[in-house]
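Residue numbers (my numbering): 602 to 957. Even glycine gets a Cβ: it sits at the ideal position worked out from N, Cα and C.
As structure tokens, then:
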């Protein structure tokens, strides 16, 4: 008989058969035991120290397991399960891990009695179908426009969280924030909370000062101190390109024989910026926001034209402004069209909040 050929690394640990199955169950139970005490109305918080030295206190299952560094493949699958639950549903991350750990623990005595794994799995699939049928019987349709019913649902989800002591305020804020980003497209309803809802943390003040803005907020100041800080019904232009002279991609050497050549180089740079600004000013925007830099010369031209400019805005913030105002993010200043200008903003204002 031919000797088996090993294609694995010499240091790799390899388990097969019942040892591997029981090892997987033990790993899953260990993960569920980590967050078992964070479930229910008498749950306790976990204090976590992240790699950067920051301290997090939470009883959210996904938040805890995200910080846990594991190498066992079954434990990794459990953590992925928690993440999937958080992304798809947004609640029940702790429950799903504890249930998974218990379901696997129940399979352990069956494996010891030499039941084949496929037989055990077929039993789980029958139980799953029965659970789905039962859910269908006991579930009821909720009118999303009925605020009382929606409050009951949201209270059930955040009732076990640390913020439950400010319950009514948190519930109303959650409902208001989600309603702001709901978009109906025919039969399909899109609620993209991850991309279009942002929680801005500002030091100072009380928790009761928290509110949901009917608009978009970003932590930036205007590029020039004399630019307007309050504009009603502004025309907004969003850009994804630098408003400054392009630097060479590779190192460039220029040999200058006399003083006029140097002035000609500077003039070319200025003409390039002037042309970009002329393309923008032609559409008479009140606010220009770009994700890249804005040169001093461009600021000068904008100030002369009465335009307020912001630079180095995050892409996510730019997308939120585009959604709120109806603007389109433009990649090149010479491709701007009237339809790209956002007209959906009622009031633009720069204001100091808290200590910032």
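Query, Result
"Which residue from 773, 797 and 949 puts its Cα closest to that of residue 909?", "949"
"According to DSSP, simplified to helix, strand and coil, what is residue 786?", "strand"
"Between residue 878 and residue 926, what straight-line distance do the alpha-carbon atoms span, to the nearest angstrom?", "22 Å"
"Which stretch, first to last residue, makes up the alpha helix (DSSP H) that contains residue 818?", "Per DSSP, residue 818 belongs to no alpha helix (DSSP H) and is neither H nor E."
"Under the rule that 16 or more other beta-carbon atoms within 10 Å means buried, what is residue 886, buried or exposed?", "buried"
"Please work out which residues of its chain come closer than 8 Å, Cβ to Cβ, to residue 899, disregarding the five sequence neighbours upstream and downstream, and give them in chain order.", "844, 845, 874, 877, 878 and 910"
"Out of curiosity, what's the CA-to-CA distance linking residue 737 and residue 699?", "23 Å"
"For the beta strand (DSSP E) that contains residue 911, what are its first and last residues?", "909-911"
"Have a look at 639, 690, 688 and 712 and flag the residue whose alpha-carbon is nearest the alpha-carbon of residue 620.", "712"
"With DSSP collapsed to three states, give me the class of residue 945.", "coil"
"Going by C-alpha to C-alpha distance, which of 851, 866, 872 and 917 sits closest to residue 891?", "917"
"What is the rounded straight-line gap between the Cα of residue 924 and the Cα of residue 745?", "23 Å"
"Which residue from 922, 939, 701 and 673 puts its Cα closest to that of residue 814?", "922"
"Of the residues 734, 704 and 672, which one's Cα is nearest the Cα of residue 721?", "704"
"Is the beta carbon of residue 663 sitting closer than 8 Å to the one on residue 687?", "yes"
"Tell me which residues share the same chain as residue 719 and place their Cβ nearer than 7 Å to its Cβ, disregarding the 5 neighbours each side in the sequence.", "none"
"Beta-carbon separation of residue 759 and residue 779 under 8 Å?", "no"
"For residue 869, which residues from the same chain have a beta carbon less than 7 Å from its beta carbon, with the 5 sequence-adjacent residues on both sides left out?", "none"
"Quickly, what does DSSP pair residue 891 with across the bridge? List them, please.", "840"
"Within the continuous beta strand (DSSP E) that includes residue 929, where are the two ends?", "Here residue 929 belongs to no beta strand (DSSP E), and DSSP marks it neither H nor E."
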